[in-house]
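Q: Reminder that position 222 of the sequence shown reads as 222 in the UniProt record's numbering, one-by-one numbering, no gaps. The C-beta atom is built at its ideal place from N, Cα and C for all residues, glycine as well. These figures come from a predicted structure and were not determined experimentally.
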Amino acid sequence: MSRPKTACFDNYFFISVNGTHHSSTQTFQFYSSDDQVQQEYIEAKQQRMEQSGYSIFSWDWTPETEKRNVWLSIECDEGGPIKLPLFKAVDKQEYQYRDENYEQNYHLQAVVPLTLLPSYQPQQYPEQYMAPVRNGYIYIFQGNQLWREIEIKNREDSGAEFRDTHLYRHREGFDKPFKKGPRKAVGKPLKDIWLPTKANGSPQRLHIAYSEVQWSAAYLNFLEHPDNQTILQQRTSLITHRSINVLGEKLNTTFKTMRLREPEIEHKLADPSRYNQDLSGNHLRYLYDGLSFEVDSLRNNSNSLLSTLENSTHQRLEYGARATQYNRKMNNASQEDSLWQAHSSIDYLADAKARQLKLMVLPDPLFELRHHTQMAMQTSACLFHILEDAGQQKYFQNAELVQRFVVPDKLPNGQENPNHKHLDSFNYSPIGVFQRTLRSIERRRCREDMALFQQALGQTLDNPATAAVIRDITSLDCGAPGAYVIVGNAMQALSQNLAAIDPLQDKTQTTDWPGHDIISNFYTRGTSHPLHALLYPPADQVPLDTAYTAPVPVNDGSGLATTENIARWAGDNLLLSDNIEIMEHATLLAENNEDGFAGSRRILNTADGVLSGFFTAMLALQNKASARASLSQLVETIEFKAAYLDNIRLGKLIAPDSFGQATFIPTSGESIAGAYVVGVHSKKAGLHFGLTEGQRQKTTSKRTGILQESNGRLLASTNKRSLKGTELRQGATARSKADLRVLMVPEDNLITQMKVEQLAQEADLGNEIKPQSKGEKIAAKAYYRLGMPYFIVVLEIMNLQRTSAGFDEKHSDYYKLTSRTSAVLDLGVAIVNASNFLTQEAGRVAAYSTKTVIKLPAGIVRFLSFPSMNLQLTATMSRLLIAGVIGGALTTAVAVWDTSLLIAAQDNDAAFAMAMVATGTAVSTFAGLYPTTSLLGPLGWIGLTIALAGYGLYMLFKDSPMETWLKNGPFGASPDRTGDYKYLQKQDKAWQHFINLIMNLRIKTYPIQQIELPTKLHLHLENLGVTHGVWVTSNLFGLSNPDQQALRFHARQAVLKSTVKVTRNGRKKPIFTAEKIEHQDAQSIYKHKVDNGFIYFYCYRKSIPRSDAEYKVWQGSTYIYDYNAHFHTRAQLQIGEHTFPTPPLSKEEEAGSPTSTPNFTKGEYWWANEFGWEQ
1 MSRPKTACFD NYFFISVNGT HHSSTQTFQF YSSDDQVQQE YIEAKQQRME QSGYSIFSWD
61 WTPETEKRNV WLSIECDEGG PIKLPLFKAV DKQEYQYRDE NYEQNYHLQA VVPLTLLPSY
121 QPQQYPEQYM APVRNGYIYI FQGNQLWREI EIKNREDSGA EFRDTHLYRH REGFDKPFKK
181 GPRKAVGKPL KDIWLPTKAN GSPQRLHIAY SEVQWSAAYL NFLEHPDNQT ILQQRTSLIT
241 HRSINVLGEK LNTTFKTMRL REPEIEHKLA DPSRYNQDLS GNHLRYLYDG LSFEVDSLRN
301 NSNSLLSTLE NSTHQRLEYG ARATQYNRKM NNASQEDSLW QAHSSIDYLA DAKARQLKLM
361 VLPDPLFELR HHTQMAMQTS ACLFHILEDA GQQKYFQNAE LVQRFVVPDK LPNGQENPNH
421 KHLDSFNYSP IGVFQRTLRS IERRRCREDM ALFQQALGQT LDNPATAAVI RDITSLDCGA
481 PGAYVIVGNA MQALSQNLAA IDPLQDKTQT TDWPGHDIIS NFYTRGTSHP LHALLYPPAD
541 QVPLDTAYTA PVPVNDGSGL ATTENIARWA GDNLLLSDNI EIMEHATLLA ENNEDGFAGS
601 RRILNTADGV LSGFFTAMLA LQNKASARAS LSQLVETIEF KAAYLDNIRL GKLIAPDSFG
661 QATFIPTSGE SIAGAYVVGV HSKKAGLHFG LTEGQRQKTT SKRTGILQES NGRLLASTNK
721 RSLKGTELRQ GATARSKADL RVLMVPEDNL ITQMKVEQLA QEADLGNEIK PQSKGEKIAA
781 KAYYRLGMPY FIVVLEIMNL QRTSAGFDEK HSDYYKLTSR TSAVLDLGVA IVNASNFLTQ
841 EAGRVAAYST KTVIKLPAGI VRFLSFPSMN LQLTATMSRL LIAGVIGGAL TTAVAVWDTS
901 LLIAAQDNDA AFAMAMVATG TAVSTFAGLY PTTSLLGPLG WIGLTIALAG YGLYMLFKDS
961 PMETWLKNGP FGASPDRTGD YKYLQKQDKA WQHFINLIMN LRIKTYPIQQ IELPTKLHLH
1021 LENLGVTHGV WVTSNLFGLS NPDQQALRFH ARQAVLKSTV KVTRNGRKKP IFTAEKIEHQ
1081 DAQSIYKHKV DNGFIYFYCY RKSIPRSDAE YKVWQGSTYI YDYNAHFHTR AQLQIGEHTF
1141 PTPPLSKEEE AGSPTSTPNF TKGEYWWANE FGWEQ
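#1: Is the number of C-beta pairs between the segment 456-471 and the segment 365-375 that are closer than 8 Å three or more?
#2: Leaving aside the five residues before and after Met330 along the sequence, list all residues of the same chain whose C-beta is less than 7 Å from its C-beta, in chain order.
#3: Please report the straight-line C-alpha distance between Ser440 and Asp1122, rounded to a whole angstrom.
#4: Quick one: what does DSSP say His22 is sitting in, helix, strand or coil?
#5: Check for me: the alpha helix (DSSP H) holding Pro961 runs from which residue to which?
#6: Would you report the Cα separation of Glu172 and Arg68, rounded to the nearest angstrom?
#7: Give me the residue from Asp980, Asn228, Asp512 and Ile648 with the minimum Cα distance to Tyr536.
#8: Can you tell me the Cα-Cα spacing of Leu232 and Ile82, whole angstroms?
#9: In whole angstroms, what separates the C-alpha of His1124 from that of Pro1105?
#10: Can you tell me whether Lys268 is buried or exposed, with buried defined as 16 or more other CB within 10 angstroms of its CB?
#11: I'd like the list of long-range same chain contacts for Asp976, defined as Cβ closer than 6 Å, with 5 residues on each side in sequence excluded.
#12: Ignoring anything shorter than 4 residues or poking outside the segment 1016-1096, list the alpha helix (DSSP H) runs there in chain order.
#13: Give me the DSSP bridge partner(s) of Ile152.
#14: Go through its chain and collect everything with a Cβ distance to Thr115's Cβ below 8 Å, but skip five positions before and after it.
#15: Under 8 Å: do the segment 175-193 and the segment 143-158 share three or more Cβ pairs, one atom per stretch?
#16: Are there 16 or more other CB atoms within 10 angstroms of the CB of Glu94, so buried, or fewer, so exposed?
#17: From Tyr41 to Ile486, what distance separates their C-alpha atoms?
#18: Among the residues of its own chain, which have a CB less than 8 Å from the CB of Asp556, if the five just before and after it don't count?
#19: Output the distance between the C-alpha atoms of Ser280 and Ser338, rounded to the nearest integer angstrom.
#20: DSSP on Trp340, reduced to helix/strand/coil?
#21: Using only alpha-carbon positions, find the residue among Tyr1111, Arg299, Leu1019 and Gln325 that is nearest to Gln392.
#22: Mind checking which residues open and close the beta strand (DSSP E) that includes Lys1004?
#23: Does Leu269 come out as helix, strand or coil in the three-state DSSP assignment?
#24: Just to confirm the assignment, what range does the beta strand (DSSP E) spanning Pro196 have?
#25: Out of Gln26, Thr474, His207 and Val406, which one is the CA nearest neighbour of His241?
#26: For the alpha helix (DSSP H) that residue 1178 lies in, which residues bound it at each end?
#27: I'd like to check one pair, Pro1143 with Trp1166: are the Cβ atoms closer than 9 Å?
#28: Does the beta-carbon distance from Val1032 to Ile1085 come in below 9 Å?
#29: Quick check: the Cα distance between Ala354 and Lys92, rounded to an integer number of angstroms?
#30: Per DSSP, what kind of secondary structure is Gln109 in: helix, strand or coil?
#31: For residue 1209, I'd like the list of residues in its chain whose CB is within less than 7 Å of its CB, leaving aside the five on either flank, ordered along the chain.
#32: What residues match up with Thr115 in a beta bridge as DSSP calls it?
#33: So for Trp991, helix, strand or coil by DSSP?
#34: Three-state secondary structure (DSSP) at Gln1132?
#35: As a quick exercise: from Leu306, Asp540, Phe453 and Gly571, pick the residue whose alpha carbon is nearest that of Pro514.
#36: Give me the Cα-Cα distance between Thr587 and Asn573, rounded to the nearest whole angstrom.
As C-alpha cells, then:
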C-alpha cells in the first residue's frame, strides 16, 4: 500500500522486519536512554502491518520527548526472557515507502542460514551448491562483543529450530567476561533469526560465524579482547544489509528445494548438493543403482563396457557408492546398506519461501575438510576392492607376472628390461583380457581422481579459514584432541600414494602424488602455516634433552599449542569423556575404552590415535626419495630434525608420564645403562643400543640387529618407523656426540615394558604364525613376498635354434623322416658336387654320379628353355642331378612345413622368413636343371641368396619362448585354443610356464675350503669327511612360502672336463662337460640352509685325470683339457602343486607328467642340472 495520509503517522516510530506471519516469541521492548527503566507504555501502543513481504511495527511517538533504546525480547522455556540490545537513541521516523519497498529506517532482516557445500565441478553460480547449515551454533558479533549465541537443531518433522542462549546469565556481569562451563540454550524455538542490519537509515555491519561446537568461555573472552579483533574477523563472516537482500531476491527464483542436512551420507557424495536438492531421495537411489550397474559391467567385462563408462561421467567421482557396491558384491551381501536407502525429507526453505524471509550464507570449512578427507579415503578403499576383484579373475596370477616382468621398460635398478620389447606380442588394449584382468581402467581412474581429491584437500588444509575453525576445537576445555584427529585424518588421506599402494602399478615410473607436496609444504612452512601454531608447541617450550614435566594447565582461549594449554587435556585428562562434542574424539575414546588395559596404557594408546596421522604423513615423505631434497630438515637415519622433532615434542606433551620421559641426547655410540634406546641396535654399525642385556634375555628372542616390531611401530604411542641399523655408517662409535643423537626411554618406563612384552610375545608366537594364502585374494599367489623387497630377475632370452640332433617331439614321424632324408640327401649332394668341382669330375665317384639315368624328350626341353635369359634345360639327368632335385624338393617341403607351424604359433615374422627359405630352396633346386660352367648358375645364386636371407631373417625373427607364451597364452591377440599351445589357456599351466621362463636355478660345486661357514660347523664337517659342497640356489626360494617348497636333489660323483680351444685368433671360452659319471647317487652328509637355497655336503672319492692338451692339424687348433672334482646333479623344485623346471613350451604334451626320481639321461625336461635346463 502507499504511505498513509493520516496526520497521526507523522509522529510514529517504525521498525520493519522482512517476512510475514512472525510469531510473538520475539518482541520489541523500549528502555530509557540509560537502559535502566523499561517503557512498557510505549510497548503497549505497538501496531503491526504486513506489506508485500514486510512486517511493519509502529508506535505512537506523540507524547515522547526523549530518545529511547530498543531491545529485542525472546521468550524462554525457563525463567525470564532473553533481552538483546537493538537500537540506541531512537526517535520518531517518517514512514518509508518506495517502489514496493517497505524497509524503514530501522530494519531487521529475518533470515535462515545457509552454507556452501563442496563440489568438484566448476561453479556456474554459488547458489547451486548452497544448503542448510548443520546442527551446531551461530555466533553473532556486534563490534567485538558477542550479541547472540544460537543453537541450531534440524528436526525431521518440523525442520530447523533456532534457540538462543541467555548470554547474560553466563557472564560475570553486564559486558563482563564469560564464566567457565557449558551454556544451555533456553530460548523458545524460532523459525528465523532477526538481525539488525539498518539503524536510523544507516547499514549495520555484523560478524557472524557458524560452528559445530559450542565455543568455550575462554575462547569467547579471547575473541572479545580488543587486541584480537583481527582473529575475530578471520573467524567470522561480514554480513550486511545489502548481502542479505541480494541473496534474498533469489529465494523464489534461483533456489530449489533443500533437504535437512545428513552429514553421514553427504560425506560420501562427491556432489552432496544434488542430493540435498532432492526431497524424495530418489537421487540417492538412482546413484546407488547406477553404480551397481557400472560395477557389474566392469566386473563382468560386458560388451557395453565402454558405453557404460562414457555414460557414467556424472557419477565418475562417486566413490562412496562405488566402494559400497564393490563391498556388497564381493561379499555376496543380499541386504543393502541402509545408509543408501532413499527416504524423503521436508523442505528446509518451504517456510522461508511462504513467509518471504531472507537468507545468509556462512562457510563451514570443517565439513569441507572432512568431506575432502572422506573422498580421498573412499577412493583408496575402492582401489582395494578393485584389486580384490582383480585377484578373483581367472588369469590374475598370469597377468600380474606379465605386468611385473614384461610391461616395465626399466628394471628397478634402472637398467633396460629385456622383456619389455615383447610388449607388442600380446593384446595390450584397455579392453583386452590382460588389461581387464588387472582392472587397469578402474585403477587408472582411481589414481587420477585421487589427485583431484588431494588437491582440493590440500587447498582446504592450507586455507586460513580452516585454521580459524580448528581454533574452535583447540580452544575447548577438554575436546582439543579432536582437532588433532581431524587434521591427522586429512594428513592420512594426503599420504595415500595410490601408485605406490597399488601392487600392480609399474614401480619404475614416477610415484609423485599431490599429497606429497602438500605435506612437504605443511612442514617446511613451519610456524608460517596457519595450522602449525594450533597443533605444535613452540620449540623453546619443550626441551628434548630432559624429561618433560607438565605445567599447571590453563585455557587462555587462544587455541594455541602452548604447554599450558595442552596440559589441560593431555595425560590423564585424555581419557575424560564428558562433554565431548567432536565425533572423531568420541570415536578415539571409544576405541581405547577397554577394561583389560590399565589407564596408563590407554593414555598411551589414545595418544597414539592423536599422533598417528601426522607420523603416517611423515613416513610418506620419508619413503619418497626426493623428499629428502625438498625437505632440508627432514629426519635422517638417526638425526631427528624439524618435522619429527615437532612430533616428538608434541608426544612428550600429550603423554607426559610415559613418552614425556623420553630424551633426545647426544652420544658417541656407547651403551647407555638403564635405558631403552628407541629402535637402535646394530652390532654391525657398532651401536650397542636398544634394550638392556637383561631385558633382551627376557624376550627369549633369537633376533639380531634392529629391534623392529612386526606391526611396523616403534612405540605404542606412535606410528613412526624404527630406525634402520643397516643405514648407520660404519664406525658410528667414533662419531662425535654433537653429530649423533638418540631417543632414550628409561628402563622402568611403560614404553620399555611394552617393548619387552611385545618382543617376548613375538618370540613365543614366531613359530606358530604361518603366512596365510588364499587363491582368490590379492595376496594369494603361489609365491610369497611378505617382508621381501621388490626385485626382478633378468634372464637372457636366446633365439630358438634348430639343430640336426634335436627334433621337436611335437613333429610327426612323417616330418622327422622327411627332415632326416632331406638332410642326408642335401649333405650327400653337397659333398659329391664339391668333389666333382674340385677334381674336374674325374675319378670313380664322378663317373658314377654323372652317369645319365633319364633323358628328357626334346619337346619338353624346348618348352622349358629360355634362350633370351641364357637358360637351357638339360636334356639328360644324371644320378647326382636326380638326387639334388629330390633333396631340394624335400628341403623345400620341410621349410614349407616349418612355415605352416610358425603361422600356427602366430610367429608371423619368422614364418615369412622361413617362407623365403622355402622359396629360395625351390628356386635353387629348379636352377639345378639348367647346366652352367660354374658351381651355381645365375638362377642358382638368386635362389641361394633368397634362402640365406630367409634363414637369416628366420633366426632374427624366430619367437623366443617369452614371445611364444605371450602370443599364444591367455592374453594373445588370438590365443591358441585348439593348437599345440592350447594348454596355455589353463591358468595354472600358463602360470607355471611363465615362472619357468623367469626363474633361475643354479647348481655349483665348491671345495669346502672355499665355502664361508661358522668355524664350529666347518670343523664339524671336516671331521665327517666332507670334501665338497654343492650349492643350490633359486629365486623361487625367496619368492615362495617356505612351507610350500620342496626341493628334490640328486648328485653323482663325476669329473668336470674343461675344454679350451686355442687358435691363431686367441683362446675360446671353455666348454664344460661332465664325464665318468657314477651310476649311483652320492650320499649327502649334511644339508645347510642359506639365503635362497641350500648347500649339500659330500665326500668325493673319485680319482681325477691329469690335465693334457692336443694339437689337431686339420683344424690348426690346440685343445687344452683340465679336469676337476665334480658332482653331476639333478634338481627339481616343487612349489605347491607345481614342478620346476618345466618342459619347453613346444614339448609340454610329449613330456608327460613330472617324475619324482631322475635317471640321469638326456631329455629329462622336468629336471635341471648344473648346466641349466632346456627352454
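A: According to the structure shown:
#1: yes
#2: Residue numbering aside, residue 330 sits at position 330 when the sequence shown is read from its first letter. Correct list, in chain order: His385, Glu388 and Asp389.
#3: Translated into the one-based positions of the sequence shown, residue 440 becomes position 440. Translated into the one-based positions of the sequence shown, residue 1122 becomes position 1122. Their Cα atoms are separated by approximately 56 Å.
#4: To locate residue 22, count along the sequence shown from 1; it is residue 22. If DSSP states are grouped into helix, strand and coil, His22 belongs with coil.
#5: Along the sequence shown, read from residue 1 onward, the residue named residue 961 stands at position 961. That run of the alpha helix (DSSP H) goes Pro961 to Asn968.
#6: Here residue 172 is taken as the residue at index 172 of the sequence shown, counted from 1. Here residue 68 is taken as the residue at index 68 of the sequence shown, counted from 1. Each residue's Cα considered, the two are about 26 Å apart.
#7: Counting from 1 along the sequence shown, the entry for residue 536 is found at position 536. If you compare the alpha carbons of Asp980, Asn228, Asp512 and Ile648 with that of Tyr536, the shortest gap goes to Ile648.
#8: Numbered from its first residue, the sequence shown carries residue 232 at position 232. Numbered from its first residue, the sequence shown carries residue 82 at position 82. If I take the Cα positions, the gap works out to 24 Å.
#9: Residue numbering aside, residue 1124 sits at position 1124 when the sequence shown is read from its first letter. Residue numbering aside, residue 1105 sits at position 1105 when the sequence shown is read from its first letter. What sits at residue 1124 in the sequence shown is Asn, not His. Roughly 8 Å between the two C-alpha positions.
#10: As a first step, residue 268 must be located in the sequence shown, where it is residue number 268. Burial call: buried.
#11: Residue numbering aside, residue 976 sits at position 976 when the sequence shown is read from its first letter. The residues are Asn968 and Lys982.
#12: 1035-1039
#13: What you label residue 152 is simply residue 152 of the sequence shown in a count that begins at 1. Partner(s): Gly136 and Phe162.
#14: What you label residue 115 is simply residue 115 of the sequence shown in a count that begins at 1. So the list reads Met130, Ala131, Pro132, Val133, Arg134, Tyr210, Val361, Leu362, Pro363, Asp364 and Phe367, once near-sequence residues are dropped.
#15: yes
#16: As a working note, residue 94 is residue 94 in the sequence shown. Classification for Glu94: exposed.
#17: By 1-based counting over the sequence shown, the position of residue 41 is 41. By 1-based counting over the sequence shown, the position of residue 486 is 486. Distance from the CA atom of Tyr41 to the CA atom of Ile486, rounded to whole angstroms, is 54 Å.
#18: As a first step, residue 556 is located in the sequence shown; it is residue number 556 there, counting from the start. Around Asp556: Ala218, Phe222, Thr562, Glu564 and Asn565.
#19: Working through the sequence shown from its first residue, we reach residue 280 at position 280. Working through the sequence shown from its first residue, we reach residue 338 at position 338. Near 16 Å, if we compare the C-alpha coordinates of Ser338 and Ser280.
#20: Residue numbering aside, residue 340 sits at position 340 when the sequence shown is read from its first letter. If DSSP states are grouped into helix, strand and coil, Trp340 belongs with the helices.
#21: In the sequence shown, counting from the first residue as 1, residue 392 sits at position 392. When only C-alpha atoms are compared, the closest one is Arg299.
#22: Position 1004 of the sequence shown holds residue 1004. Segment Leu1001 to Pro1007, the beta strand (DSSP E) holding Lys1004.
#23: Taking the sequence shown and counting its residues from 1, the one referred to as residue 269 is at position 269. Coil.
#24: Here residue 196 refers to the residue found at position 196 when the sequence shown is read from its first residue. Under the DSSP assignment, Pro196 falls in the beta strand (DSSP E) whose first and last residues are Ile193 to Ala199.
#25: Here the question's residue 241 lines up with position 241 in the sequence shown. Residue His207 is the option with its Cα nearest to His241.
#26: Residue 1178 lies beyond the residue range present for the chain, which begins at 1 and ends at 1175; the question has no answer from this structure.
#27: Along the sequence shown, one-based indexing puts residue 1166 at 1166. Along the sequence shown, one-based indexing puts residue 1143 at 1143. Between Trp1166 and Pro1143, the C-beta spacing is below 9 Å.
#28: One-based indexing of the sequence shown puts residue 1032 at position 1032. One-based indexing of the sequence shown puts residue 1085 at position 1085. No, the pair does not count as a contact, with Cβ atoms beyond the cut-off.
#29: Sequence index remark: in the sequence shown, residue 354 carries index 354 (1-based). Sequence index remark: in the sequence shown, residue 92 carries index 92 (1-based). Using only the alpha carbons, I get a separation of about 32 Å.
#30: The residue you call residue 109 lines up with position 109 of the sequence shown. Reduced to three states, the DSSP call for Gln109 is strand.
#31: The question about residue 1209 has no answer, for the chain in this structure spans 1 to 1175.
#32: Here residue 115 is taken as the residue at index 115 of the sequence shown, counted from 1. Thr115 is bridged to Ala131.
#33: As a working note, residue 991 is residue 991 in the sequence shown. Trp991: helix per DSSP, three-state reduction.
#34: As a working mapping, residue 1132 is identified with position 1132 in the sequence shown. Strand, per DSSP.
#35: Working through the sequence shown from its first residue, we reach residue 514 at position 514. For Pro514, the nearest C-alpha among the options comes from Phe453.
#36: By one-based count along the sequence shown, residue 587 stands at place 587. By one-based count along the sequence shown, residue 573 stands at place 573. Cα to Cα, Thr587 sits roughly 16 Å from Asn573.
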